[in-house]
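Numbering (the numbering used here), first residue to last: 10 to 755.
Where is the CB? At the ideal position from N, CA and C, for every residue including glycine.
Just so we're clear, the structure is a prediction, and the values are computed from it rather than from any experiment.
Data block below; observations after.
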Amino acid sequence: MRLLAAAPSKAPIAALATAIDPGQLMLLVPDGLSPSDPGVTAWLDAASEVGTRMVVVTDSQFLSMGTAGALGYAGLVLPDTIHAIGTDDLVSAVRAYTEAGGKTFLTFDFAALTLNGNGVPVFPIPKSRLSDLAGVDYVLYDKYLDRTTGLGPVTAMRSTLRELLVPPGKSQAYPPAGISGAPAGVSVAPLSLETKARAAGGKRGVPLLDAAGVTEREVLYLAPSVSDPGGARGFDPQQFQMLPSYSVQDRERASSGARPSRMVKIRYGRAFKGAAPTRSTRASLTSSGSRPLVASDDETENASAPDVLLPKAATDAGPDELHAYSGYLLGYLIYPSYQTEGAYLGTTLATSPDFGLVAGVSRFGAGTVMFVNLPLTYLKGRTDALPMHGFLSYFVKNVLDGVRLSAMPKAVPGITFNWHLDSKAAQAPMLALEKAGIFKTAGTSMHMTAGPDTITFGDGTGFDLDHNPTAQAFLQRMVARGHSVGSHGGWIHDYYGTNVSETNEAQFLPFLVDNRRSVDGAIGRPSRDYSAPQGNNPKWAMTWLESQGVVGAYFGGHTGLGVTRHYRDGTLLNPSLWVSPVTPFGNYATFEEFQDFNVPKADVLGWYQSLIDFSIAQNTARMIYAHPPGAYDWMDVMKGLIAYAAGKGTSKFKWYSIERLADFMAKRNQVAWSEARLDAQTTRITATHPTSLDEMVWMLPKNRYLKPTNVSGAAVSDGGAYWLVKAKAVTTMNFKVKANPAYSSS
């Protein structure tokens, strides 16, 4: 992403429509910024995928509409990275809007810089001019200089992380205060032998910080500058999506008795070590409810937090507990956040154990502010969109009580299961799994590496699909049963996954071409979804796949998120190719890893069950993957997963292929819908689609709305906490809805 001050002016953003849509969010951007700027489109795409709508508003437009005009919209989003410079007039207008009753989503380095008398961007003294909105003092550059921004774990209660769309397995229980400084008022018991061993050795218990050589009394910092006022670009999270996943050779070594080794090399960029701060905000964390409980003026940050206990298993069962964002192969992830100081009187959503408040919701006058002290725009552009989407979803659902368009066909949540058929060693297990009924339920994605070799040329251990009638017949049966069959790279699984890069397209494109030709020939039609060996997806390969009509692909970045657009290198790549990010279980994701690293069966099955429960609770789908050999070895776990899913019923849960959800999201992206205020209590919602609105469902929170009436082109059903308006196979749909008299927006 680039800083506005260094960017040339592009085409101006179009004028706002005359009629205000009260359901739209405003995205505030600088004058002259192009609407196609990737920082802008990142937010617009996030809003669409979350199920809300967002309109771009320039500084001049916001100032000209005044507080009264701005209050006609649902809320105001103040983005990081693309709007680091803000005039005093703009800051005053944002403050006035919020104080008058506006709902504001304030992020990281928005307006972190001001202009001096010569029009040169500088840091404000002594702190951000929006500190009063945030509820804490931050951007303390005058005081801390190079140590203004810290780099470390982000913690929250497990229940809160689930509301922030962080699925089970994408967060881990956080170590006790004696190891890594948990927030004041929270006590946590060690979760694992690995954590206990770190404690005995005097280490922090945070793998990425351990790897950086950080001791108990040290932390990492990122130095801000006028060109990078949050310092975030000093550490690149995109490297995480390039980490190689388990190879066939890894599995062979483990099966021969060799100790598994998953060494991960991390580049820390411009991060540097320093003494831990002593004055950062200490805010209590509490279990999440259905909406934030904003503290009143006489409450302080010293309110007691509930005890946090060791769970009975590594699932979401049992008492709530402190967790931190984590990543596949990585342990606790580390994120940039400004040091914050002062007492926070709002509801704390997330904290940094060392640097203070990361996110919270608080009152400001008659309005509400959700402050997120993370570079959400930068992170999404560098293959970590989960924080942006999660916090935006929380804002829409819990602060705005907004209407949402479900991201699931017919609003039925589910799981995407992706089978990777790497080598002929998978053939006997996959046939045994078929015989056992594992593939009886349709809807998974099955991807095969089709060449005659697996690890290197001439080893003869590959499927050799062109000359393997058994494998051909299996793929044909899977297509007939309703599974989606596609390519897994790469022709030679480990050779491709280990060696393909951005610089050797000429050498490795034939591997993709041959694999696709072989799979497509076996199934008798062009394949439309894909996964890469070891998750290695060069940009040129994704572009080639898109050109071949592939609509969905397994992806190692944006982990833990649902189906999304492919943001990478700070921009949107391949707009017609949707990616399904993998969701791990802590450091691992496949049966072979669970087996090799001694993860108990009960924990794995508990995770799968929790992931299903999460998908139903959040009306979403997440992607998991497996290989037939490991699944065959743990057939009981597979059967337990299938039985648990079946017990939910097809109206509440479905298995989805990568292709199926990619097609749905592409169709959903063509929906246009709007809200119009008919009177003080009544709103009309209208939706259109160029071909059909079938499978589209709008979710209206009952606490805010009465049951919709005057429905045309749709049917209304009871969805528990929501009214579900399910469109029929029509091109236009509309209905009216009245406000719930009992509703309070405070």
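> Under three-state DSSP, which class holds lysine 212?
Replying inline: Note on lysine 212: pLDDT 40, under 50, position unreliable in the model; the coordinate value appears next. Correct three-state label for lysine 212: coil.
> Which one or two residues does DSSP pair with lysine 735 in a beta bridge?
Replying inline: Val706 and Ala724
>> Quick check on glycine 190: does DSSP put it in helix, strand or coil?
In response: For glycine 190, the predicted structure reports a pLDDT of 37, less than 50, and the residue's modelled location is therefore unreliable. A value from the coordinates is still provided. Coil.
> Within 10 angstroms of its Cβ, does glycine 7 collect 16 or more other Cβ (buried), or is it exposed?
Replying inline: Because the chain here runs from 10 to 755, residue 7 falls outside it and cannot be looked at.
>> Please identify the residue among Ile275, Tyr341 and Ala220 whose C-alpha is closest to the C-alpha of proline 593.
In response: Tyr341
>> For a quick check, are the C-beta atoms of glycine 561 and serine 415 less than 9 Å apart?
In response: no
> By a C-beta neighbour count over all protein chains shown, 10 Å radius and 16 as the cutoff for buried, is lysine 433 buried or exposed?
Replying inline: buried
> Can you give the Cα-Cα distance for threonine 507 and aspartate 622, rounded to whole angstroms?
Replying inline: 36 Å
>> Pairs of beta-carbons, one from the stretch 674-687 and one from the stretch 708-724, closer than 8 Å: are there three or more?
In response: no
>> In chain order, what are the residue ranges of uninterrupted alpha helix (DSSP H) at least 4 long that sit wholly in the stretch 393-467?
In response: 395-403 and 436-444
> Does DSSP put aspartate 605 in a helix, in a strand, or in coil?
Replying inline: helix
> To which residues of the same chain is aspartate 363 closer than 7 Å at the C-beta, ignoring the five residues directly before and after it?
Replying inline: Gly159, Gly161, Gly190, Val228, Ala285, Pro286 and Ser289
> CA-CA distance, leucine 85 and proline 216?
Replying inline: 37 Å
> Is DSSP giving asparagine 524 helix, strand or coil here?
Replying inline: helix
> Would you call the stretch 469-484 and the stretch 503-518 touching, i.e. three or more CB-CB distances under 8 Å?
Replying inline: no
> Taking all protein chains shown into account, do 16 or more other C-beta atoms lie within 10 angstroms of the C-beta of threonine 740, making it buried, or fewer, making it exposed?
Replying inline: exposed
>> Buried or exposed, going by whether 16 or more other CB atoms sit within 10 Å of the CB of isoleucine 343?
In response: buried
> How should asparagine 628 be labelled, buried or exposed, when 16 other C-beta atoms within 10 angstroms of its C-beta is the threshold for buried?
Replying inline: buried
> Expressed to the nearest angstrom, what Euclidean distance is found between the alpha-carbon atoms of alanine 352 and tryptophan 428?
Replying inline: 50 Å
> leucine 154: buried (16+ other C-beta within 10 angstroms of its C-beta) or exposed?
Replying inline: exposed
> So the beta strand (DSSP E) proline 345 belongs to, where does it begin and stop?
Replying inline: 344-347
> Where does the unbroken beta strand (DSSP E) through methionine 166 begin, and where does it stop?
Replying inline: 164-166
> Hey, tyrosine 82 and leucine 34 are a contact pair by Cβ (cut 8 Å); roughly how many whole angstroms apart?
Replying inline: 7 Å
> What are the boundary residues of the alpha helix (DSSP H) that includes arginine 486?
Replying inline: 478-490
> Helix, strand or coil for serine 701 per DSSP?
Replying inline: coil
> Hey, does asparagine 743 have any beta-carbon neighbour from chain C nearer than 9 Å?
Replying inline: Absent from the structure: chain C. Only one protein chain is present.
> Beta-carbon separation of glycine 3 and glycine 278 under 9 Å?
Replying inline: The structure shown does not extend to residue 3, since the chain is modelled only from 10 through 755, so no value can be given for it.
> What distance in whole Å lies between the Cβ atoms of glutamine 557 and arginine 525, which are believed to be in contact at a cut-off of 8 Å?
Replying inline: 7 Å
> For leucine 99, which residues from the same chain have a beta carbon less than 6 Å from its beta carbon, with the 5 sequence-adjacent residues on both sides left out?
Replying inline: Asp68
> Roughly how many whole angstroms lie between the Cα atoms of phenylalanine 448 and methionine 455?
Replying inline: 10 Å
> How about threonine 123 and leucine 142: do their beta carbons lie closer than 9 Å?
Replying inline: no
> Looking only at its own chain, which residues have a Cβ that is under 8 Å from the Cβ of aspartate 645, when we skip the five neighbours before and after it?
Replying inline: Lys610
>> Between which residues of its own chain and valine 303 is the CB-CB distance below 8 Å, once the five residues before and five after are set aside?
In response: Its pLDDT being 35, under 50, valine 303 is placed unreliably by the model, and nothing is read from it.
> If we call anything under 9 Å between Cβ atoms a contact, is alanine 333 one with serine 180?
Replying inline: yes
> What is the C-beta distance between tryptophan 587 and alanine 675, in whole angstroms, given that I count them as a contact (C-beta under 8 Å)?
Replying inline: 7 Å
>> I want to know whether the stretch 730-745 touches the stretch 697-704 - three or more CB-CB distances under 8 Å.
In response: yes
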